[in-house]
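For the sequence shown, position 38 matches number 38 in UniProt numbering, and the numbering has no gaps at all.
By construction, the Cβ of each residue, glycine as well, lies at the ideal position given by its N, Cα and C atoms.
As the structure is a computational prediction, the values presented were derived from the model and not from experiment.
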Amino acid sequence: MKLILAPMEGLTDVHMRDLLTRIAGPQGYDWCVTEFIRITNRLLPARTFYQYCPELLTGSRTFAGTPVHIQLLGSEPAVLAENAARAAELGAPGIDLNFGCPAKTVNQHRGGAVLLDEPDVVHAIVAAVRRAVPPEVPVSAKMRLGVNDREYMLDNARGIEAAGAAWLTVHARTKADGYRPPAHWDAIGRIREATTMPVIANGDIVSPAEAERCRALSGCEDLMIGRGAVSRPDLVRQLRGENFTLTWPEVVTWQKQFLAHMEEAGINPVEACSGAKWTEHGMVSRYKQWLAMLTQGYPEASALFARVKRLKHVEEIRFELQRP
Numbered sequence: 001m002k003l004i005l006a007p008m009e010g011l012t013d014v015h016m017r018d019l020l021t022r023i024a025g026p027q028g029y030d031w032c033v034t035e036f037i038r039i040t041n042r043l044l045p046a047r048t049f050y051q052y053c054p055e056l057l058t059g060s061r062t063f064a065g066t067p068v069h070i071q072l073l074g075s076e077p078a079v080l081a082e083n084a085a086r087a088a089e090l091g092a093p094g095i096d097l098n099f100g101c102p103a104k105t106v107n108q109h110r111g112g113a114v115l116l117d118e119p120d121v122v123h124a125i126v127a128a129v130r131r132a133v134p135p136e137v138p139v140s141a142k143m144r145l146g147v148n149d150r151e152y153m154l155d156n157a158r159g160i161e162a163a164g165a166a167w168l169t170v171h172a173r174t175k176a177d178g179y180r181p182p183a184h185w186d187a188i189g190r191i192r193e194a195t196t197m198p199v200i201a202n203g204d205i206v207s208p209a210e211a212e213r214c215r216a217l218s219g220c221e222d223l224m225i226g227r228g229a230v231s232r233p234d235l236v237r238q239l240r241g242e243n244f245t246l247t248w249p250e251v252v253t254w255q256k257q258f259l260a261h262m263e264e265a266g267i268n269p270v271e272a273c274s275g276a277k278w279t280e281h282g283m284v285s286r287y288k289q290w291l292a293m294l295t296q297g298y299p300e301a302s303a304l305f306a307r308v309k310r311l312k313h314v315e316e317i318r319f320e321l322q323r324p
């Protein structure tokens, strides 16, 4: 079984990838995927790729050794292909294409899930990118079940396969569904039966029990873990069969490391040259975002969040983390 850490815009940046893959250990995630890089009408400079994926400067792996694939989002096949080739030249071990983002601001510019109403465009994008990158660099795609319904679900999946994708990840909702439960894992099973490429299931995998239900209903062996990985950082090790549970004091220690890592990004030579710098406001906001998600897995996180939600400085938060 392969387990992949999902790309989540505004959440799984280099710092979160580092933290979650270190907690997961060497046998945890098979690979992770960057937040999407928006491609419009030009070839992006190398510094943009380093900003989204500083791991390119360290062998395209997190410090825990987990490979990091780069995800691109856009609607112009030729420009996406050109940028994919650059990412591969810079060392990306895999290129993933985003056909799943449901955000209105992205969809209004013909990016993400809205393209699922245009199967020919989806096919053309994957085919162009596949031709542009070396054969040893896998090209994959991530899609939803559709825009408002599943009318083109199988057309998109078959087109992605025909274009040469190495695998397909499916979030088991339409764009219109957003993130509302439930995830329709059975629909992924229809895609798996209609194609021969590997299909990876994604959506609402938040516990070992839900992972087993997902695999049973979808027929998929492999899983991509998103919000469940952030709210329960020990989930991946439990999915690997380990008797492993992070206690709240251990989670607090990781929170301190998370803050320290973001603070160091402004002076660390590798990350500084990539542009991955943080303002204090950004650090505090990102920390609170993670803490809010931790409330789903740890009751103690709710009390801590109540104490820090109005704080504006890292030192204030660090003080609260020292309290019993």
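Expected contact under 8 angstroms - CB spacing of residue i and residue j to nearest Å
| i | j | result |
| --- | --- | --- |
| Ala92 | Ser60 | 6 angstroms |
| Leu20 | Leu5 | 6 angstroms |
| Arg144 | Arg173 | 6 angstroms |
| Lys142 | Gly100 | 5 angstroms |
| Asp149 | Pro119 | Actually they do not touch by this definition, with Cβ atoms about 14 angstroms apart. |
| Leu90 | Ala128 | Not really, about 19 angstroms apart at Cβ, beyond 8 angstroms. |
Same chain, Cβ closer than 8 angstroms to residue i, neighbours up to 5 away in sequence not counted
| i | result |
| --- | --- |
| Met283 | Leu259, Met262, Glu263, Val314 |
| Arg130 | Val139, Ala163, Gly164, Ala165 |
| Glu55 | Val14, Arg17, Arg61, Thr62, Val68 |
| Asn268 | For Asn268, the predicted model reports a pLDDT of 45, less than 50, meaning its position is unreliable and no value from the coordinates is stated. |
| Lys256 | Arg318, Leu321 |
| Arg240 | Leu3, Gln27, Gly28 |
Span of the beta strand (DSSP E), counted from its first residue to its last, around residue i
| i | result |
| --- | --- |
| His184 | It is not in any beta strand (DSSP E) - His184 carries neither H nor E in the DSSP assignment. |
| Ser60 | Segment: none, Ser60 is in no beta strand (DSSP E) and carries neither H nor E. |
| Ala113 | Note, Ala113: premise wrong, no beta strand (DSSP E); not H, not E. |
| Phe244 | Neither: Phe244 is in no beta strand (DSSP E) and is coded neither H nor E. |
| Asn148 | Element bounds for Asn148: n/a, residue is neither H nor E. |
| Asp222 | 222 to 225 |
| Leu5 | 3 to 5 |
| Asn98 | 95 to 99 |
Same chain, Cβ closer than 7 angstroms to residue i, neighbours up to 5 away in sequence not counted
| i | result |
| --- | --- |
| Gln296 | Ser231 |
| Pro198 | Trp167, Asp222 |
| Asn83 | Ile39, Leu43, Leu44, Leu72 |
| Gly65 | Pro26 |
| Val236 | Leu3, Ala24, Gly28, Tyr29, Ile225, Ala229 |
| Lys309 | Lys288 |
| Asp13 | Glu35 |
| Phe305 | Leu291, Ala292, Thr295 |
| Ala88 | Ile95, Val133, Pro134, Val137 |
| Arg307 | Glu320 |
Which listed residue (the options) has its alpha carbon closest to that of residue i
| i | options | result |
| --- | --- | --- |
| Gln322 | Glu250, Pro135, Gln238, Leu223 | Glu250 |
| Pro324 | Leu311, Glu300, Ala187 | Glu300 |
| His184 | Ala201, Gln238, Pro26, Arg158 | Ala201 |
| Gln108 | Val147, Gly189, Thr247 | Val147 |
| Lys104 | Leu97, Ala113, Tyr298 | Ala113 |
| Leu294 | His69, Phe319, Glu280, Thr247 | Thr247 |
| Arg227 | Met1, His171, Cys53, Gly189 | His171 |
| Asp234 | Gln257, Lys175, Tyr298, Ala216 | Tyr298 |
| Arg190 | Ile160, Met153, Ala176 | Met153 |
| Arg86 | Thr48, Ser75, Gly74, Gly219 | Thr48 |
Same chain only: Cβ atoms within 6 angstroms of residue i, ignoring 5 sequence neighbours per side
| i | result |
| --- | --- |
| Val121 | Leu115 |
| Arg22 | Ala64 |
| Asp204 | Ala183 |
| Leu311 | Ile317 |
| Gly10 | none |
| Phe319 | none |
| Ala272 | Note that Ala272 scores a pLDDT of 46, beneath 50, so its modelled location is shaky; the value from the coordinates is reported in the next line. None. |
| Thr169 | Lys142, Ile200, Asn202, Met224 |
| Asp186 | Leu217 |
First through last residue of the alpha helix (DSSP H) which encompasses residue i
| i | result |
| --- | --- |
| Ser140 | Looking at the DSSP string, Ser140 is not in any alpha helix (DSSP H); the run it does join, the beta strand (DSSP E), is 139 to 143. |
| Ile160 | 153 to 162 |
| Ala201 | No alpha helix (DSSP H) holds Ala201; the beta strand (DSSP E) holding it covers 199 to 202. |
| His171 | Not the alpha helix (DSSP H): His171 falls in the beta strand (DSSP E), residues 167 to 171. |
Min CB distance residue i to chain C below 7 angstroms
| i | result |
| --- | --- |
| Arg61 | No chain C is part of this structure, which consists of one protein chain only. |
**Item:** Contact the region 129 to 137 vs the region 204 to 221: 3+ CB pairs below 8 angstroms
**Value:** No contact exists between the region 129 to 137 and the region 204 to 221.
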